[in-house]
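Colleague:
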Amino acid sequence: MQPLDLNSLRQLDSAHHLHPFTHHGQLRERGTHVIRAAKGSTLIDETGRELIDGLAGLWCVNVGYGRDEIVSAVSEQMRTLSFYPSFFNSTTEPAIRLAARLADLAPPGLEQVFFCNSGSEANETALKLIRAYWKLRGRERKRVVLSRTYAYHGVGLASSSLTGLPNCQEPFDLPLPGFVHVPGPYAYAAGRAAQDAEAYGQECIAETERTIASVGAEEIAAMFVEPIQGAGGVIVPPNGYLSALRELCRRHEILFVADEVITGFGRLGAWFASELWSLEPDLLTLAKGVTSGYIPLGGVMLRGEIGEVLESATLAHGFTYTGHPVACAAGLANLEILERERLIPRVRDDIGPRFQGALGALADHPAVAEVRGFGLIGAFELRHPPSGPLRSAAPGTMGAEFYELARSEGVIARGIRDLVAMSPPLVVTYEELDRLFGGIRRALDRFWSGETTVDV
Ligand SMILES: Cc1ncc(COP(=O)(O)O)c(C=O)c1O
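Take a look at the structure:
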């Protein structure tokens, strides 16, 4: 394939390509940013410029870019058997092996996995399995599903309904009936000081308890919980909050679903965040880091008893590519790298603390109102600069401006409302971390001086 020049690419993109989560009017004005290649944690864009990928693609490229082992596993699998479904009593060896491997790695009790292609599909699948489970148990009144404000669980009609972000719902007239949101423990957004976060967490629990009482526990099927809320703004649970939430669900027979699409596969220094907070989830959804984004793959893991109940029926659910052998081969090779290179202990003991140290040091910058993070994920909240157009920027718009400034400083970080989120690959080197935070600091200085216009 002959590479096209940047102008042709931009013209074709503008004419034919719709992007997710994008304002296309703005995109056409500024022109799309084309990435050509990547290695480790470093991207190369269309102009040949290097950028540190502070977001690991979209919180997913855990083992870094350009890993030959995954490329070889995928191409070998494509040559041997490019595809065969797992429907109707058939399957393939990579799907079986990956299912068994995940059962080994997952928190105790989660023994089975249903594969799909994405995090959204994993949550859609979990919702259907939960409905079937309660129905098979003769408890069909249990239909309502709880999730939290600032949650992100995907973009299907039901998974968007679980999501607790107004911009994901208003344009589509969501949530659907039966989806109820309780407060996520986002103390900063509630105007509470960091030292008040624990008390705020307990207030969220009390509010959740009131909601359960008003809906009626006999009507509530499940609660979906990201252990750390990622796309909603890297909301780290305050002490005591998750254990209280877990206990509440257990007490009211509400299935507890840990959405580990971001937190799984090492980002927090453990295979799964559920281990860190002893969540013992009834179901666990996964995607992203299971293949480090090399090939799309998602899955839902189930507690044994749920699997047993579901076994009494043929469930007409599944995607053509459920258990795709090539995606599963990528997953196996990826897990092998995570383990062999001891990347998870590296996050826990070495690169995670180093990342948190550099992130915490940003708190001394006048533009930074709060920093928070865990392992290899973090965020900082922006203050309005004292001068320039951003001084009176509308709420929720500063993150996007900062993203542009950071990119012009050679760094990709994600602007969310008025905050900036980061989650670099688990292989990020010391030197790359220095470049990441160096770029962020330069961008903060420019931001604070009121600058907004940058070369794209
Ligand atoms: C916690 C969480 N759940 C679900 C999803 C949806 O995953 P996907 O974009 O693969 O559908 C995401 C995506 O960012 C996520 O962060």
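Numbering (the numbering used here), first residue to last: 10 to 465. We put the beta carbon where it would ideally sit given N, CA and C, even for glycine. None of these values were measured; they are calculated from a predicted model.
Who are the Cβ neighbours of Val70 in its own chain at under 6 Å, not counting the five residues just before and after it?
Modeller: Answer for Val70: Ser301, Gly302, Pro434, listed in chain order.
Colleague: For the pair the segment 128-137 and the segment 157-174, tell me if three or more CB-CB distances fall below 8 Å.
Modeller: Yes, the segment 128-137 is in contact with the segment 157-174.
Colleague: Could you compute how far the alpha carbon of Gly313 sits from the alpha carbon of Val234?
Modeller: Cα to Cα, Gly313 sits roughly 20 Å from Val234.
Colleague: Give a single yes or no on whether Gly397 has its beta carbon closer than 6 Å to a heavy atom of ligand 1.
Modeller: No.
Colleague: In the DSSP assignment, find the unbroken beta strand (DSSP E) run with Glu59 in it and report its ends.
Modeller: Its beta strand (DSSP E) spans residues 59-62.
Colleague: What are the start and end residues of the beta strand (DSSP E) that includes Val153?
Modeller: From DSSP, the beta strand (DSSP E) with Val153 extends over 153-157.
Colleague: Rounded to a whole number of angstroms, what is the C-alpha to C-alpha distance between Gly447 and Ala372?
Modeller: One C-alpha to the other measures close to 14 Å.
Colleague: Run the CB neighbour count on Pro186, radius 10 Å, all protein chains shown included, and call it buried at 16 or more, exposed below.
Modeller: When all chains shown are included, Pro186 counts as exposed.
Colleague: How many whole angstroms separate the CB atoms of Ala141 and Leu324, which I take to be in contact at a CB cut-off of 8 Å?
Modeller: Yes, Ala141 and Leu324 are in contact; Cβ-Cβ is about 6 Å, under 8 Å.
Colleague: Could you check whether the Cβ of Gly239 sits closer than 6 Å to any heavy atom belonging to ligand 1?
Modeller: Yes, the Cβ of Gly239 comes within 6 Å of a heavy atom of ligand 1.
Colleague: Output the distance between the C-alpha atoms of Ala336 and Arg392, rounded to the nearest integer angstrom.
Modeller: About 42 Å.
Colleague: By Cβ distance, which residues of its chain are closer than 8 Å to Ile244, with the 5 residues on each side in sequence left out?
Modeller: Same-chain partners within the cutoff: Tyr159, Gly193, Pro194, Tyr195, Ile237, Gln238, Arg381.
Colleague: What three-state label does DSSP hand Thr294 in the structure shown?
Modeller: In this structure, Thr294 counts as strand in the three-state DSSP scheme.
Colleague: Quick check: is any heavy atom of ligand 1 less than 6 Å from the C-beta of Gly302?
Modeller: No - ligand 1 has no heavy atom lying nearer than 6 Å to the Cβ of Gly302.
Colleague: Between which residues of its own chain and Glu460 is the CB-CB distance below 8 Å, once the five residues before and five after are set aside?
Modeller: These residues qualify, in order along the chain: Gly397, Leu414.
Colleague: Here's the rule I'm using: 16 or more other beta-carbon atoms within 10 Å means buried, otherwise exposed. How should Pro116 be labelled?
Modeller: Per the 10 Å Cβ criterion, buried.
Colleague: For Phe92 and Val309, what's the separation of their Cα atoms in angstroms?
Modeller: So the two alpha carbons sit approximately 21 Å from each other.
Colleague: Over the uninterrupted alpha helix (DSSP H) stretch that includes Asp454, give me the two end residues.
Modeller: It spans 439-457 - the alpha helix (DSSP H) in which Asp454 sits, taken as one unbroken run.
Colleague: Run the CB neighbour count on Val43, radius 10 Å, all protein chains shown included, and call it buried at 16 or more, exposed below.
Modeller: So Val43 counts as exposed.
Colleague: Looking only at its own chain, which residues have a Cβ that is under 6 Å from the Cβ of Ala47, when we skip the five neighbours before and after it?
Modeller: Tyr74, listed in sequence order.
Colleague: With H, G and I counted as helix, E and B as strand and the rest as coil, what does DSSP make of Thr51?
Modeller: It is a strand residue.
Colleague: Out of curiosity, what's the CA-to-CA distance linking Arg58 and Leu445?
Modeller: For Arg58 and Leu445, the distance between alpha carbons rounds to 15 Å.
Colleague: For ligand 1, I want to know if Gly128 counts as a neighbour, meaning its beta carbon is within less than 6 Å of at least one of the ligand's heavy atoms.
Modeller: Indeed, a heavy atom of ligand 1 lies less than 6 Å from the Cβ.
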